[in-house]
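Asker: Using my numbering, read the sequence shown as starting at 421 and increasing by one per residue.
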Amino acid sequence: GRGAAELAAHISFDDAGLPGPVTVSLECSDSPCLTPGGTIRATVTTEVALPLIPFGMVDALGARVTVHGNAVTVVDEWVER
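1. Which residues mark the beginning and the end of the alpha helix (DSSP H) in which G423 is found?
2. Is A483 helix, strand or coil when you go by DSSP?
3. Might you give, ordered along the chain, the residues of its own chain that have their beta carbon closer than 7 Å to the beta carbon of H430, omitting 5 neighbours on each side?
4. Starting from I460, trace the beta strand (DSSP E) in both directions and tell me its first and last residue.
5. Decide if T486 is buried, meaning its Cβ has at least 16 other Cβ atoms within 10 Å, or exposed.
Structure follows, in structure tokens:
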């Protein structure tokens, strides 16, 4: 569930050399969340420094942008739970 999604996001960001906080939100179309045929939307949000700005100047200039990534998947209808 949520813990696995957060762990995957942190590992991916670490592998890419991206520092900073990562937030993960999950939205389910049905309740319970793993209802067969329902959808789950994952959104990952972080802030990154703009490129080509010296590291020491990023915070002083407010040279950061918020970046969001989204993915939607359908819960398999044939998995026994």
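Backbone N, C-alpha and C fix where the C-beta goes; we use that ideal spot for every residue, glycine too. It should be emphasised that the depicted structure is a prediction, and the values quoted were computed from it without experimental measurement.
Answerer: Working from what's here:
1. 422-435
2. coil
3. V442
4. 459-469
5. exposed
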